[in-house]
Amino acid sequence: MAQPARLAPATEPWKDPAARPYVRIEGVTKTFGKVHACDDISLDVYRGEFFALLGGSGSGKSTLLRILAGFEAPDSGRVLIDGVDVTALPPYRRPVNMMFQSYALFPHMSVAQNIGFGLKQDGMPAGAIRDRVQQMLELVQMPQLGNRKPDQLSGGQRQRVALARALAKQPKLLLLDEPLGALDKRLRERTQFELVNIQERVGTTFVMVTHDQEEAMTMSSRIAVMDAGRIVQVSTPAALYEYPSTRFVAEFIGGINLFEGRVLGHDAAAGIVRIACDALEGGVLQARHPDPLPEGTAVSVAVRPEKIDVHEAAPPRADNVAAGKVRDIAYLGDVSIYHVETASGAEVRVQETHVERSSEPHYDWGDTLWLTWPATAAVVLTA
Ligand code: ADP
Ligand code: MG
Numbered sequence: 007m008a009q010p011a012r013l014a015p016a017t018e019p020w021k022d023p024a025a026r027p028y029v030r031i032e033g034v035t036k037t038f039g040k041v042h043a044c045d046d047i048s049l050d051v052y053r054g055e056f057f058a059l060l061g062g063s064g065s066g067k068s069t070l071l072r073i074l075a076g077f078e079a080p081d082s083g084r085v086l087i088d089g090v091d092v093t094a095l096p097p098y099r100r101p102v103n104m105m106f107q108s109y110a111l112f113p114h115m116s117v118a119q120n121i122g123f124g125l126k127q128d129g130m131p132a133g134a135i136r137d138r139v140q141q142m143l144e145l146v147q148m149p150q151l152g153n154r155k156p157d158q159l160s161g162g163q164r165q166r167v168a169l170a171r172a173l174a175k176q177p178k179l180l181l182l183d184e185p186l187g188a189l190d191k192r193l194r195e196r197t198q199f200e201l202v203n204i205q206e207r208v209g210t211t212f213v214m215v216t217h218d219q220e221e222a223m224t225m226s227s228r229i230a231v232m233d234a235g236r237i238v239q240v241s242t243p244a245a246l247y248e249y250p251s252t253r254f255v256a257e258f259i260g261g262i263n264l265f266e267g268r269v270l271g272h273d274a275a276a277g278i279v280r281i282a283c284d285a286l287e288g289g290v291l292q293a294r295h296p297d298p299l300p301e302g303t304a305v306s307v308a309v310r311p312e313k314i315d316v317h318e319a320a321p322p323r324a325d326n327v328a329a330g331k332v333r334d335i336a337y338l339g340d341v342s343i344y345h346v347e348t349a350s351g352a353e354v355r356v357q358e359t360h361v362e363r364s365s366e367p368h369y370d371w372g373d374t375l376w377l378t379w380p381a382t383a384a385v386v387l388t389a
């Protein structure tokens with residue numbers, strides 16, 4: 007997984023029951039004909055967060071963002087910003103600005119005129135506009151480029167001008183809909199860091215829509231995963247990766263092994279659940295699970311490839327052992343991913359980190375490997 011671009015926040019207001027959310031979405035539903043674009047969504051976002059709405063195409067992310075901005079009215083539910091019910095307020099009466107996927111810079115205006123456009127409309131004096139525009143140009147590291155026209159800029163520079171324009175009116179809340187969607191992959195990765203950096207400097211609360219899980223993971227303080235108009239999980243990136251709450255989230259975040267099985271029993275003292283699963287040696291999978299689960303419950307067990315240890319011979323003892331043959335190897339530079347097929351026909355992906363960047367994968371096609379992982383590395387999913 008890519009490294010998070012942001013430092014861990016000093017405080018985690020969502021863990022403090024007394025903390026007041028800056029944005030509160032209460033039971034918001036929006037339908038278009040038969041489509042539930044947003045289906046009874048409730049969500050709190052705290053001041054200074056870089057919050058991501060993550061989901062596949064059509065999951066309702068943009069609709070929720072447009073409801074926050076005031077471009078769309080919910081059928082039911084409320085939106086509060088800083089404690090004020092803004093549900094009935096038009097966009098321009100909200101302390102909110104939105105940056106669209108297509109930046110829609112005015113082609114005939116200079117960069118400076120683009121950035122100052124909203125300020126001029128608001129009747130800000132020319133001198134104050136000039137100062138603010140210069141401040142914004144410096145913020146996005148383009149202090150010399152105010153006189154350029156948009157067509158004299160690179161894609162990344164246009165994206166930064168759009169950001170500067172969106173921040174010029176100093177909104178309390180900035181909404182970004184796939185802000186990096188128009189950039190190619192390399193530029194997008196660099197711009198992710200810049201955007202996080204700028205957000206931390208201005209301190210504005212950001213809510214960003216993206217369908218790119220890696221982008222959400224690297225940029226955000228927290229992520230809400232959306233599916234079919236509903237929020238399925240809200241977590242920090244690390245918690246989402248380590249503790250997906252449903253199969254959907256586990257698969258969406260990607261690169262995970264899912265084992266299917268039925269609960270055999272629960273050791274309450276150890277907090278370990280035993281699951282019948284024929285992909286494992288002995289036919290039993292052990293996973294840490296604090297709450298008892300009734301015998302016979304169908305579960306999926308998620309195990310990250312990097313949590314699995316690889317052995318060339320049968321290991322002495324482990325909570326979980328699977329054995330199989332290497333069917334595929336993906337060499338990714340600093341790591342290799344092995345696809346191991348067990349006798350039961352299950353495929354298990356394991357990750358091996360190379361100590362030296364140049365070193366070759368250790369194992370070969372057809373090799374028999376034993377895989378082990380502790381019960382604590384397995385997450386039991388019942389939904
Ligand atoms: P996302 O941004 O996650 O891709 P959207 O919020 O754009 O999803 O759309 C969610 C669902 O609502 C989709 O099925 C989409 O077709 C539908 N939808 C969104 N806006 C409209 C609209 N103005 N009219 C009709 N259907 C819409
Ligand atoms: Mg969208």
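Per my numbering, the very first residue in the sequence shown carries number 7; after that it's consecutive.
In this text, a Cβ means the ideal position worked out from N, Cα and C, and glycines have one as well.
In terms of alpha-carbon separation, which member of the options lies closest to residue i?
i      : options                           : result
Ser63  : Phe112, Thr216, Asp370 and Pro156 : Thr216
Gly54  : Leu60, Arg26 and Val92            : Arg26
Ser48  : Ile314, Pro177 and Val85          : Val85
Val305 : Val255, Gly372, Ser226 and Val386 : Val386
Leu95  : Ala319, Leu74 and Gln127          : Leu74
Arg194 : Gln205, Gly161 and Arg171         : Gly161
Ile229 : Glu221, Ile135 and Ser241         : Ser241
Gly339 : Arg192, Pro380 and Val361         : Val361
Between which residues of its own chain and residue i is the CB-CB distance below 6 Å, once the five residues before and five after are set aside?
i      : result
Val29  : Val51 and Ile87
Lys178 : Pro101
Gly209 : Gly54
Arg268 : Ala282, Gly302 and Ala304
Output yes or no for whether 8 Å exceeds the beta carbon distance between residue i and residue j.
i      : j      : result
Thr359 : Val346 : no
Ala43  : Thr17  : no
Arg294 : Ala384 : yes
Asp233 : Leu71  : no
Arg138 : Leu125 : yes
Leu264 : Arg280 : no
Thr348 : Ala328 : yes
Gln357 : Glu312 : yes
Val57  : Val213 : It should be noted that the sequence gives Phe, not Val, for residue 57. Contact: yes.
Ala352 : Ala276 : no
Ala308 : Pro250 : yes
Val231 : Phe199 : no
Ile121 : Ala188 : no
Leu417 : Met104 : Outside the shown range of the chain, which is 7 to 389, sits residue 417, and nothing can be said about it.
Arg310 : Ile262 : yes
Trp371 : Ile314 : no
Taking only beta-carbon positions, decide if residue i is within less than 8 Å of chain C.
i      : result
Ile314 : Among the chains in the structure shown there is no chain C, since it carries only a single protein chain.
Spatial neighbours of residue i within its chain, please: C-beta separation below 7 Å, excluding the five flanking residues on both sides.
i      : result
Met7   : Interpretation of Met7 is limited by its pLDDT of 47, a score under 50 that renders its predicted location unreliable; no figure is taken from the coordinates.
Tyr369 : Val332, Tyr344 and Leu375
Pro298 : His272 and Ala274
Gln205 : Phe56 and Phe212
Pro19  : Ala25 and Tyr52
Give every residue of the same chain whose Cβ lies closer than 8 Å to the Cβ of residue i, excluding the five residues on either side of it in the sequence, and list them in chain order.
i      : result
Ser116 : Gly152, Asn153, Arg154 and Lys155
Asp46  : Gly33, Val34, Thr35, Gly83 and Arg236
Check your reading: residues with Cβ closer than 5 Å to ligand 1 heavy atoms | Having a Cβ closer than 5 Å to some heavy atom of ligand 1 are Phe38, Val41, Ala43, Ser63, Gly64, Ser65, Gly66, Lys67, Ser68 and Thr69.
Can you list, in chain order, the stretches of the alpha helix (DSSP H) that have 4 or more residues and sit fully within the region 152 to 203?
-> Runs of the alpha helix (DSSP H) inside the region 152 to 203: 161 to 174.
Enumerate, from N- to C-terminal direction, the unbroken beta strand (DSSP E) stretches of 3 or more residues contained entirely within the region 46 to 99.
-> Contiguous beta strand (DSSP E) elements confined to the region 46 to 99 occur at 56 to 61 and 82 to 87, taking only those with 3 or more residues.
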